[in-house]
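Same order as they appear, the protein sequences are chains A and B. So the numbering used here is basically just the index in the first sequence, starting at one, shifted up by 834. So the numbering used here is basically just the index in the second sequence, starting at one, shifted up by 1. Beta carbons are placed, not taken as given, at the ideal position from N, Cα and C, and that holds for glycine.
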Amino acid sequence: NAGVTQTPKFRILKIGQSMTLQCTQDMNHNYMYWYRQDPGMGLKLIYYSVGAGITDKGEVPNGYNVSRSTTEDFPLRLELAAPSQTSVYFCASGAGKGGNSPLHFGNGTRLTVT
Amino acid sequence: DAKTTQPTSMDCAEGRAANLPCNHSTISGNEYVYWYRQIHSQGPQYIIHGLKNNETNEMASLIITEDRKSSTLILPHATLRDTAVYYCIVRVPIGFGNEKLTFGTGTRLTIIP
Chain A
835 NAGVTQTPKF RILKIGQSMT LQCTQDMNHN YMYWYRQDPG MGLKLIYYSV GAGITDKGEV
895 PNGYNVSRST TEDFPLRLEL AAPSQTSVYF CASGAGKGGN SPLHFGNGTR LTVT
Chain B
2 DAKTTQPTSM DCAEGRAANL PCNHSTISGN EYVYWYRQIH SQGPQYIIHG LKNNETNEMA
62 SLIITEDRKS STLILPHATL RDTAVYYCIV RVPIGFGNEK LTFGTGTRLT IIP
């Protein structure tokens, strides 16, 4: 049981390039989330999904897109990378709605845009 | 959003109990308090959560005041591996009947040998 797996661990992009951050979970969780963490700050919610085919925006969605075609996978797409997107990205999953359900996090993707 | 307030940093001697406070005075009656920690910029690690009763698991204990306006995370016998940033979080509602975790800047706990 690997939990939440994120790839790649590190990536350097040039301004204007695009990439997809991969996230997969093997816990059969319906709820999945993408967060970003800037240096010295807490995590901010980018997008989330409550099941296959259903996604919605979080606090900081601009510059990102997501899709959820399967329960296991929740990729995050950056179309035109900008220096402001330099950050560490965390994917998380949870078993269900309601406050009594912990989220489980991956170990992150460290992205630098130059 | 229910906001939380935590001290920026704390020290604790190895082997002693570490008590991390958190204020959440605007919490609503059905909102859970969660604690996570983050070590060396790894992914946040779930520690414990509770609604109104005190909770204990193999990692820690959570004490919630009767009015639910504050809580304390207790690591009973701190080790050097407990050095981390600890986040106290109140889950707040978002769309589709879902909740989100709103992370603040947390408490940087340093365990002193």
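Please report whether the beta-carbon of A:ASN954 lies at a distance below 8 Å from any beta-carbon of chain B. It is not possible to answer for residue 954 of chain A, since the shown part of chain A is limited to 835 through 948.
Along the stretch 883-895 of chain A, what residues have a CB closer than 8 Å to any CB found in chain B? VAL884, ILE888, ASP890, GLY892
Give me the Cβ distance between B:ARG92 and B:GLU32, rounded to the nearest whole Å; I'm assuming they're in contact under 8 Å. 6 Å
What is the rounded straight-line gap between the Cα of A:ALA886 and the Cα of A:GLN851? 27 Å
Start and end residues, beta strand (DSSP E) containing A:GLN859: 853-859
For B:PRO45, count the other beta carbons within 10 Å of its own beta carbon; 16 or more makes it buried, fewer makes it exposed. Which is it? buried
N-terminal and C-terminal residue of the beta strand (DSSP E) that A:HIS938 is part of: 937-939
Can you round the beta-carbon distance between B:LEU110 and B:ALA18 to whole angstroms, since I take them to be within the 8 Å contact cut? Not really, about 12 Å apart at Cβ, beyond 8 Å.
When DSSP labels each residue in this structure, what does B:GLN39 get in the three-state scheme? strand
Look at the Cβ atom of A:VAL922, then the Cβ atom of A:LEU847, and state whether they are nearer than 8 Å. no
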